[in-house]
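K.L.:
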């Protein structure tokens, strides 16, 4: 499978109304192990280079999507869209063992439910 991650980065950068410089700054905050600049992003978007895996993780975090979505392995939906897809607008009423779910737990459970439903759909 040939993944054009550069096109995905460009798509999500524009969707989030970020300049290359703004995206670089956000990625650097999310992942301090690499120093990303506007030139790096330009190279990725123009297929002249590929981002390091830890940078892909930081990009997905900045865009609020999964790494699989950024890599094109799942349909492009952001966390808010995924939550709304299942009728979840906030997690105030969702608890586990008496504790409210964190944002990360809610995202994880939403992703698991989405994958389960997709699996069941293909079973039928």
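In the numbering used here, the protein residues as written are 228 to 351.
Each residue gets a CB set at the ideal place from its N, CA and C atoms; glycine is no exception.
Treat the numbers as computed from the prediction; the structure is a model and nothing was measured.
(1) How is residue 313 classed by DSSP in three states: helix, strand or coil?
(2) Go through its chain and collect everything with a Cβ distance to residue 232's Cβ below 8 Å, but skip five positions before and after it.
(3) Does DSSP put residue 296 in a helix, in a strand, or in coil?
(4) With a CB to CB cut of under 6 Å and the five nearest residues on each side skipped, what residues in its chain are close to residue 290?
(5) DSSP puts residue 323 in a beta bridge; with which residues?
(6) Is the separation between the beta-carbon of residue 268 and that of residue 236 shorter than 8 Å?
P.N.:
In terms of the structure at hand:
(1) Counting from 1 along the chain shown, the entry for residue 313 is found at position 86. Per-residue confidence for residue 313 stands at a pLDDT of 47, beneath the threshold of 50, marking its modelled position as unreliable; the derived number appears in the next sentence. In this structure, residue 313 counts as coil in the three-state DSSP scheme.
(2) The sequence position of residue 232 within the chain shown is 5, counting from 1. These residues qualify, in order along the chain: 271, 277, 278, 283, 297, 298 and 299.
(3) Along the chain shown, read from residue 1 onward, the residue named residue 296 stands at position 69. Here residue 296 sits in helix by DSSP.
(4) Along the chain shown, one-based indexing puts residue 290 at 63. Once the five neighbours on either side are set aside, the close Cβ partners of residue 290 are 239.
(5) As a first step, residue 323 is located in the chain shown; it is residue number 96 there, counting from the start. Bridge partners of residue 323: 326.
(6) Position 41 of the chain shown holds residue 268. Position 9 of the chain shown holds residue 236. Closer than 8 Å, so yes.
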